[in-house]
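Accompanying notes for the structure given below.
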Amino acid sequence: MRDFRWRKYLFIFFLCLVMTMAYVGLPGISSASGKTVKLKVVTYLTPGYGDGFYAAQHMVNYINLYGKSRGISAELYHSQTVYKAKEMLPALISGSIDIGIFMAPYVEGTMPVFSATDLPFIWGNGYTQCEGERKGSPFFKLVSAQCDKKNLKLLAMASSCPEEFIARKPLTKLEDFKGLKVRVAGAGYSKALQSIGAVPISMPSSEVYTSLQRGVVDAAMGVDITFRARKLYEVAKYQINLGAFLFDWPVIMNKGSFDRLSEEQKKVVWNAAELYRHDFSNAESLGTGYMNMRNLLKNNYGVKQIYLSESERARMKKAMWGPTVKWWKKKIGPELADKILKAIEESKNWRKSKFGYLELYPLKY
Numbered sequence: 011m012r013d014f015r016w017r018k019y020l021f022i023f024f025l026c027l028v029m030t031m032a033y034v035g036l037p038g039i040s041s042a043s044g045k046t047v048k049l050k051v052v053t054y055l056t057p058g059y060g061d062g063f064y065a066a067q068h069m070v071n072y073i074n075l076y077g078k079s080r081g082i083s084a085e086l087y088h089s090q091t092v093y094k095a096k097e098m099l100p101a102l103i104s105g106s107i108d109i110g111i112f113m114a115p116y117v118e119g120t121m122p123v124f125s126a127t128d129l130p131f132i133w134g135n136g137y138t139q140c141e142g143e144r145k146g147s148p149f150f151k152l153v154s155a156q157c158d159k160k161n162l163k164l165l166a167m168a169s170s171c172p173e174e175f176i177a178r179k180p181l182t183k184l185e186d187f188k189g190l191k192v193r194v195a196g197a198g199y200s201k202a203l204q205s206i207g208a209v210p211i212s213m214p215s216s217e218v219y220t221s222l223q224r225g226v227v228d229a230a231m232g233v234d235i236t237f238r239a240r241k242l243y244e245v246a247k248y249q250i251n252l253g254a255f256l257f258d259w260p261v262i263m264n265k266g267s268f269d270r271l272s273e274e275q276k277k278v279v280w281n282a283a284e285l286y287r288h289d290f291s292n293a294e295s296l297g298t299g300y301m302n303m304r305n306l307l308k309n310n311y312g313v314k315q316i317y318l319s320e321s322e323r324a325r326m327k328k329a330m331w332g333p334t335v336k337w338w339k340k341k342i343g344p345e346l347a348d349k350i351l352k353a354i355e356e357s358k359n360w361r362k363s364k365f366g367y368l369e370l371y372p373l374k375y
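Each position in the sequence shown, counted from 1, maps to that position plus 10 in the numbering used here.
Below is the structure:
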């Protein structure tokens, strides 16, 4: 009889222990649901974009490495394998995907705060943009607050390499742009070019090659890697580097997906996004990525690299800034526009260093 009671109490003890462990959570199991959290990460970038794509892949690899013992994993879907570029944001807001990596011009209609970086010369250079957009800056906080209103969580902002021009003829001064037919992607860029007398033309990227070849357009805006990927160097032999037009590559998470994570899982996600920002910005905006591509275009394909003088850049900025900002303020509203401009100005010098280190939460492997 005593032996039976002993076994009965031992069974009850182990039953309580198992129930307690299931409630608290074991390594590799989400304490909230008892299952591993699997995040769907979607990006517009493809492997052909090189450093930018591999920054996204590195982010996902980090989540899988450090999330394994914390009950969280991620899978990366690129290009149009899940959603087209303009479908991604609605899918993120609805929760159909968990994390989106965006080219900001595609989301400016819903999130006008991202349109500010399109303004010509606004950051001055990519170095300032990289530091000014880091988590904790006035601009980051403002963008984050705007994301909250859409059920979104801003994780990081990476800065792009500049949108430049590839042209059929050399352009070295302001007057060379007057009457120039330029393929442009984005209303802000169009307004800036109109203000210096150029003629912006909208068309799909797939049509740019034949349009340059036939003289339908004299030049096209884009990033260096696009000039190579679309083989535009075959029909346009001059790249004009103005350094005026930048944009953001934000990493944004569905707020519901973020809030469901444990504190340890959130640290993994924050760290992964910071790693993406660091990798992408250093490769794309701080020289190694786009300068290598410019050298390749020059040495392998005979594209002459033209850099406008500082005096010409100053003339371009003076001609573009006033009309473009006036148009932009009317478009998004003067109150929000003034807040954005103030936040960017305050963010330009909020850090002492131009080359900030990675800022990661401590995690044990």
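Note that CB positions come from ideal geometry on N, CA and C, so glycine has one too.
Three or more C-beta pairs below 8 Å linking the segment 171–182 and the segment 74–90: no
Pairwise C-alpha distance: V278 and F124: Translated into the one-based positions of the sequence shown, residue 124 becomes position 114. Translated into the one-based positions of the sequence shown, residue 278 becomes position 268. Distance between the alpha carbons of F124 and V278 is about 26 Å.
Residues of its chain near P57, where Cβ-Cβ distance is below 6 Å and the 5 sequence neighbours each way are ignored: By 1-based counting over the sequence shown, the position of residue 57 is 47. Taken in chain order, the residues that qualify are F63.
For Y317, the residue or residues it bridges with in DSSP: Within the sequence shown, residue 317 is the residue found at index 307, counting from 1. DSSP output for Y317 lists N251 as bridge partner(s).
Three-state class that DSSP yields for A95 in the structure shown: Locating residue 95 in the sequence shown gives position 85, where the first residue counts as 1. It is helical.
Counted within 10 angstroms of its Cβ, other Cβ atoms place M263 as buried (16 or more) or exposed: Here residue 263 corresponds to residue number 253 of the sequence shown, with the count starting at 1. Answer is buried; the Cβ neighbour count reaches 16.
Residue range of the unbroken beta strand (DSSP E) whose run includes I211: Here residue 211 refers to the residue found at position 201 when the sequence shown is read from its first residue. First-last of the beta strand (DSSP E) with I211: V209 to I211.
For S216 and Q204, the rounded distance between their alpha carbons: Position 194 of the sequence shown holds residue 204. Position 206 of the sequence shown holds residue 216. Each residue's Cα considered, the two are about 23 Å apart.
Unbroken beta strand (DSSP E) run spanning G110, endpoints: Against the sequence shown, residue 110 aligns to sequence position 100. Unbroken beta strand (DSSP E) run through G110: I109 to I111.
One or two residues paired with P260 in a DSSP bridge: Position 250 of the sequence shown, counting from 1, holds the residue named residue 260. M167, per the DSSP bridge assignment.
C-beta contact flag for G207 and K191 at 7 Å: Numbered from its first residue, the sequence shown carries residue 207 at position 197. Numbered from its first residue, the sequence shown carries residue 191 at position 181. K191 sits away from G207, with the two beta carbons spaced by 7 Å or more.
Nearest to V261 (by Cα), restricted to the options V47, D348, I109 and V117: Your numbering for residue 261 matches position 251 in the sequence shown. Just measuring C-alpha positions, the residue of V47, D348, I109 and V117 sitting nearest V261 is I109.
Buried or exposed by the 16-neighbour rule on C-beta atoms within 10 Å, applied to Y286: Your numbering for residue 286 matches position 276 in the sequence shown. With 16 or more Cβ atoms within 10 Å of its Cβ, Y286 is classed as buried.
Burial state of N309, where buried means 16 or more other Cβ atoms lie within 10 Å: In the sequence shown, counting from the first residue as 1, residue 309 sits at position 299. Flag for N309 reads exposed.
Unbroken alpha helix (DSSP H) run spanning L55, endpoints: In the sequence shown, residue 55 corresponds to position 45, counting from 1. Run containing L55: none; DSSP gives neither H nor E here.
Supposed close pair G142, K352 - CB separation, criterion 8 Å: For the purposes of this step, residue 142 is taken as the residue at position 132 of the sequence shown. For the purposes of this step, residue 352 is taken as the residue at position 342 of the sequence shown. So it is not a contact: roughly 13 Å between Cβ atoms.
Cut-off 8 Å between Cβ atoms - residues of its own chain near Y3, not counting five sequence neighbours on either side: Residue 3 lies beyond the residue range present for the chain, which begins at 11 and ends at 375; the question has no answer from this structure.
Buried/exposed call for T53, threshold 16 Cβ in 10 Å: Here residue 53 refers to the residue found at position 43 of the sequence shown. Flag for T53 reads buried.
Cβ distance (whole Å) where C157 is taken to contact K163 below 8 Å: Translated into positions along the sequence shown, residue 157 becomes position 147. Translated into positions along the sequence shown, residue 163 becomes position 153. Contact holds; Cβ gap of about 6 Å.
Residues that K377 bridges to, as DSSP identifies them: With the chain represented from 11 up to 375, any question about residue 377 goes unanswered, as that position is not in the structure.
CA-to-CA distance, A283 to E97, given in whole angstroms: Taking the first residue of the sequence shown as 1, we reach residue 97 at position 87. Taking the first residue of the sequence shown as 1, we reach residue 283 at position 273. Using only the alpha carbons, I get a separation of about 22 Å.
Beta-carbon spacing of I107, K45 below 7 Å: Sequence index remark: in the sequence shown, residue 107 carries index 97 (1-based). Sequence index remark: in the sequence shown, residue 45 carries index 35 (1-based). Cβ atoms of I107 and K45: not closer than 7 Å.
Own chain, CB closer than 6 Å to P148, minus 5 neighbours either side, in chain order: Taking the sequence shown and counting its residues from 1, one reaches residue 148 at position 138. Closer than 6 Å at Cβ, skipping near neighbours: A353, E356 and S357.
Residue from A126, L129 and P122 whose Cα sits closest to the Cα of K159: Within the sequence shown, residue 159 is the residue found at index 149, counting from 1. Among A126, L129 and P122, the Cα nearest to that of K159 is on P122.
Beta strand (DSSP E) segments (min. 3 residues) lying fully within the segment 95–155: Qualifying beta strand (DSSP E) stretches, in chain order: 109–111.
E173 burial status per 10 Å Cβ neighbour count (16 or more: buried): Here residue 173 corresponds to residue number 163 of the sequence shown, with the count starting at 1. Flag for E173 reads buried.
Unbroken beta strand (DSSP E) run spanning L86, endpoints: The residue given as residue 86 occupies position 76 in the sequence shown. Residues I82 to H88.
Nearest candidate by alpha-carbon position, reference A126, set L370, Y317, K336 and Y248: By one-based count along the sequence shown, residue 126 stands at place 116. It is K336 whose Cα lies nearest to the Cα of A126.
Close Cβ partners of V70 (< 6 Å) along its chain, the five nearest in sequence each way excluded: One-based indexing of the sequence shown puts residue 70 at position 60. V51, A84 and L86.
Pair within 7 Å by beta-carbon distance, D128 and G198: Stepping through the sequence shown from its first residue, residue 128 is reached at position 118. Stepping through the sequence shown from its first residue, residue 198 is reached at position 188. Yes, these two residues count as a Cβ contact at 7 Å.
Cβ-Cβ separation, L252 to L318 (assumed contact under 8 Å), whole Å: Within the sequence shown, residue 318 is the residue found at index 308, counting from 1. Within the sequence shown, residue 252 is the residue found at index 242, counting from 1. Right, the Cβ-Cβ distance comes to about 6 Å (below 8 Å), so this counts as a contact.
Simplified DSSP state of A65, which is helix, strand or coil: Translated into positions along the sequence shown, residue 65 becomes position 55. If DSSP states are grouped into helix, strand and coil, A65 belongs with the helices.
Coil, strand or helix - V47 by DSSP: Translated into the one-based positions of the sequence shown, residue 47 becomes position 37. Three-state result, V47: strand.
N- and C-terminal bounds of the beta strand (DSSP E) containing T202: Here the question's residue 202 lines up with position 192 in the sequence shown. Sequence check: residue 202 is Ala here, not Thr. Run containing A202: none in the beta strand (DSSP E); it sits in the alpha helix (DSSP H), A197 to Q204.
Reduced DSSP category for G312 - H, G, I as helix; E, B as strand; rest coil: Within the sequence shown, numbered from 1, the residue matching residue 312 stands at position 302. In this structure, G312 counts as coil in the three-state DSSP scheme.
Per-residue burial, S104 [other beta carbons within 10 Å of its own, 16 or more giving buried]: Numbered from 1 along the sequence shown, position 94 holds the residue referred to as residue 104. Exposed, because fewer than 16 other Cβ atoms sit within 10 Å of the Cβ of S104.
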